[in-house]
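K.L.:
Counted from 1, the sequence shown has number 68 at position 67 by our numbering; the numbering is strictly sequential. Pasting a structure below so you can have a look.
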Amino acid sequence: MKFFIDTADVAEIRELNDTGLVDGVTTNPSLIMKSGRDIIDVTKEICGIVKGPVSAEVTATDYEGMMKEAKVLAKIAKNICIKLPLTMDGLKACKALTDKGHQTNVTLCFSANQALLAAKAGATYVSPFIGRLDDQGLDGMELIEEIRTIFDNYDFKTQILAASIRTVNHVKEAALIGADVITAPPATLKALVKHPLTDKGLSDFLADWAKTGQKISK
Ligand code: E4P
Numbered sequence: 002m003k004f005f006i007d008t009a010d011v012a013e014i015r016e017l018n019d020t021g022l023v024d025g026v027t028t029n030p031s032l033i034m035k036s037g038r039d040i041i042d043v044t045k046e047i048c049g050i051v052k053g054p055v056s057a058e059v060t061a062t063d064y065e066g067m068m069k070e071a072k073v074l075a076k077i078a079k080n081i082c083i084k085l086p087l088t089m090d091g092l093k094a095c096k097a098l099t100d101k102g103h104q105t106n107v108t109l110c111f112s113a114n115q116a117l118l119a120a121k122a123g124a125t126y127v128s129p130f131i132g133r134l135d136d137q138g139l140d141g142m143e144l145i146e147e148i149r150t151i152f153d154n155y156d157f158k159t160q161i162l163a164a165s166i167r168t169v170n171h172v173k174e175a176a177l178i179g180a181d182v183i184t185a186p187p188a189t190l191k192a193l194v195k196h197p198l199t200d201k202g203l204s205d206f207l208a209d210w211a212k213t214g215q216k217i218s219k
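Set out below in structure tokens:
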């Protein structure tokens with residue numbers, strides 16, 4: 002399973018990328034707004050830090066506008082993945098961009114049928130939003146299961162990018178179902194390493210080690 006970070010915060014990206022556990026980055030207009038930076042500048046900086054795909058989202062809602070914006074975004078760096086909304090125009094742009102050899106991420110997916118369309122449009126990734134479905138009292142993880150089954154039934158190559166991840170349990174459940182990628186905020190990714198028994202075990206070992214008076218490296 003690949004791990005993408007869902008942020009446009011360069012300091013956070015740098016810190017997590019140094020762990021070697023990061024496979025890519027996803028951004029969206031809200032995250033760019035939160036960064037307070039120019040979309041081109043910040044995206045270029047992110048593409049320089051992370052080797053894997055960096056999703057940059059178009060903001061036009063019509064096909065022509067999306068294609069124009071995609072051209073600008075694609076010029077930022079080789080690892081740009083063009084993020085498009087799950088609308089008819091977005092799917093049309095996805096097909097055209099995929100045919101031209103670009104990586105594409107079809108976002109704002111809330112149903113299995115929408116995911117099926119994204120796969121038929123040749124998307125590299127489709128992003129079902131788990132947390133936002135849970136917020137509505139629905140089961141986001143059920144959607145991941147449905148998409149996994151459909152994609153496996155027809156051997157679609159589009160990767161399931163479980164998005165709107167809010168908890169460490171979301172990560173575990175998405176992994177159990179077989180999502181190809183998760184994208185999560187830095188805090189959620191950092192929380193994956195935490196376990197109270199790890200902390201306690203480590204502090205017990207260190208206390209006993211101190212009693213030996215030994216040092217491994219002199
Ligand atoms: C995905 O690509 C989106 O940027 C993101 O996961 C949305 O998450 P949110 O619902 O927490 O805003």
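Using N, Cα and C, we set each Cβ at its ideal position, and we do this for glycine too. This one's a predicted model, so the numbers in the text were calculated from it and none came from an experiment.
Using a threshold of 8 Å, is the CB atom of ASP7 nearer than that to any non-hydrogen atom of the ligand E4P?
P.N.:
Within the sequence shown, the letter at position 6 stands for residue 7. Because some heavy atom of the ligand E4P lies under 8 Å away, the Cβ of ASP7 counts as near it: yes.
K.L.:
Assign TYR126 to buried or exposed, taking buried as 16 or more other Cβ atoms, counted over all protein chains shown, within 10 Å of its Cβ.
P.N.:
On the sequence shown, position 125 is the one that residue 126 refers to. Result: buried.
K.L.:
Three or more C-beta pairs closer than 8 Å, one from the region 43–56 and one from the region 22–35: is that the case here?
P.N.:
With a cut-off of 8 Å, the region 22–35 and the region 43–56 count as touching, because enough Cβ pairs lie within range.
K.L.:
Identify, in the order they occur along the chain, each residue of the same chain with its Cβ nearer than 7 Å to the Cβ of PRO86, setting aside the five sequence neighbours on each side.
P.N.:
The sequence position of residue 86 within the sequence shown is 85, counting from 1. Around PRO86: THR108, LEU109.
K.L.:
What first and last residue would you give for the alpha helix (DSSP H) that runs through PRO197?
P.N.:
Within the sequence shown, the letter at position 196 stands for residue 197. Per DSSP, PRO197 belongs to the alpha helix (DSSP H) from 197–213.
K.L.:
Can you say whether PHE206 is buried or exposed, counting buried as having 16 or more other CB atoms within 10 angstroms of its CB?
P.N.:
Within the sequence shown, residue 206 is the residue found at index 205, counting from 1. Exposed, since its Cβ has fewer than 16 Cβ neighbours within 10 Å.
K.L.:
Beta-carbon distances below 6 Å to any heavy atom of the ligand GDP define the shell here; list its residues in chain order, please.
P.N.:
As for the ligand GDP, it is missing from this structure, which binds only the ligand E4P.
K.L.:
Threshold first: 4 residues or longer. Then list the alpha helix (DSSP H) segments lying entirely within the region 9–75, N to C.
P.N.:
Listed in chain order, the complete alpha helix (DSSP H) runs (minimum 4 residues) inside the region 9–75 are 11–18, 30–36, 40–50, 64–75.
K.L.:
Does any C-beta atom of chain D lie closer than 9 Å to the C-beta of LEU177?
P.N.:
Of the protein chains in the structure, only one exists, and it is not chain D.
K.L.:
Rounded to whole angstroms, what is the Cα-Cα separation between ILE148 and GLN160?
P.N.:
Translated into the one-based positions of the sequence shown, residue 148 becomes position 147. Translated into the one-based positions of the sequence shown, residue 160 becomes position 159. Their Cα atoms are separated by approximately 10 Å.
K.L.:
Take every Cβ of the region 197–211, pair it with every Cβ of the region 171–180, and state whether three or more of those distances are shorter than 8 Å.
P.N.:
Contact fails: fewer than three Cβ-Cβ distances are below 8 Å.
K.L.:
Among the residues of its own chain, which have a CB less than 8 Å from the CB of MET2, if the five just before and after it don't count?
P.N.:
For the purposes of this step, residue 2 is taken as residue 1 along the sequence shown, with counting starting at 1. Excluding sequence neighbours, MET2 sits near ALA175, ALA176, ALA180, ASP181, VAL182, ILE183.
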